[in-house]
Amino acid sequence: MKQLNTNIKAVLPNIKTSIYKIAWAFILLTASIKLHAQIDIAGEMDLTKKTFNQSENPASADLFNDADFKLYPNPAQNVINIQSKVKLKEGVTLTLYDISGTILEKKVLESSMTKKDYAFNISKFTDGQYIIGIRSIDGSYVTKKLIKR
Numbered sequence: 007m008k009q010l011n012t013n014i015k016a017v018l019p020n021i022k023t024s025i026y027k028i029a030w031a032f033i034l035l036t037a038s039i040k041l042h043a044q045i046d047i048a049g050e051m052d053l054t055k056k057t058f059n060q061s062e063n064p065a066s067a068d069l070f071n072d073a074d075f076k077l078y079p080n081p082a083q084n085v086i087n088i089q090s091k092v093k094l095k096e097g098v099t100l101t102l103y104d105i106s107g108t109i110l111e112k113k114v115l116e117s118s119m120t121k122k123d124y125a126f127n128i129s130k131f132t133d134g135q136y137i138i139g140i141r142s143i144d145g146s147y148v149t150k151k152l153i154k155r
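Counting in the numbering used here, the sequence shown runs from 7 upward without gaps.
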């Protein structure tokens with residue numbers, strides 16, 4: 007097993023009343039590591055949260071590709087449905103962006119929501135082009151373009 011060594015240096019402004027919060031995320035094929043830290047004015051670092059998730063079998067990783075997902079109807083008026091070929095796992099994120107990249111709506115799947123079909127209500131948005139982003143807990147990412155009419 008190879009060890010991952012990372013040195014991170016940051017130049018922080020000389021403000022005597024601030025606490026800086028920093029987060030790192032390392033996403034590997036079979037594991038993800040998230041670290042959250044606070045640095046106080048004296049430069050002391052405190053790891054406030056450490057998360058390590060590992061898939062025992064690399065074949066169980068949610069590695070997405072474009073063919074795994076279908077949007078319908080497209081163009082859509084009120085609701086866009088996302089159909090997946092496989093049941094998505096807890097922690098998968100579905101994000102709706104406008105064409106400039108602004109996040110309009112975001113869903114993180116919970117265990118009660120894991121299924122093959124998902125719906126976004128887009129009736130409140132103006133006509134135009136949008137992007138649906140689908141990110142697995144293992145870091146795979148797929149985007150699909152949709153048109154709202």
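For each residue, glycine too, the CB sits at the ideal point set by N, CA and C. Since this is a predicted model, take the numbers as computed values, not measurements.
- Look at D104 here: in three-state DSSP terms it is strand.
- The region 113-132 and the region 73-88 touch, with three or more beta-carbon pairs separated by less than 8 Å.
- Assigned with DSSP and collapsed to three states, S90 falls in strand.
- For T149, the enclosing beta strand (DSSP E) starts and ends at Y147 to K154.
- D133 carries a coil assignment under DSSP once its states are collapsed to helix, strand and coil.
- Counting only residues of its own chain and dropping the five nearest sequence neighbours on each side, F131 has a CB closer than 7 Å to the CB of L110 and K154.
- D74 carries a helical assignment under DSSP once its states are collapsed to helix, strand and coil.
- Nearest to A73 by alpha-carbon distance, out of Q83, N80, A82 and V92, is V92.
- Rounded to whole angstroms, the gap between the alpha carbons of D104 and G139 is 11 Å.
- Taking the Cα positions, S117 is about 8 Å away from G97.
- The alpha-carbon of K95 is positioned some 25 Å away from that of T108.
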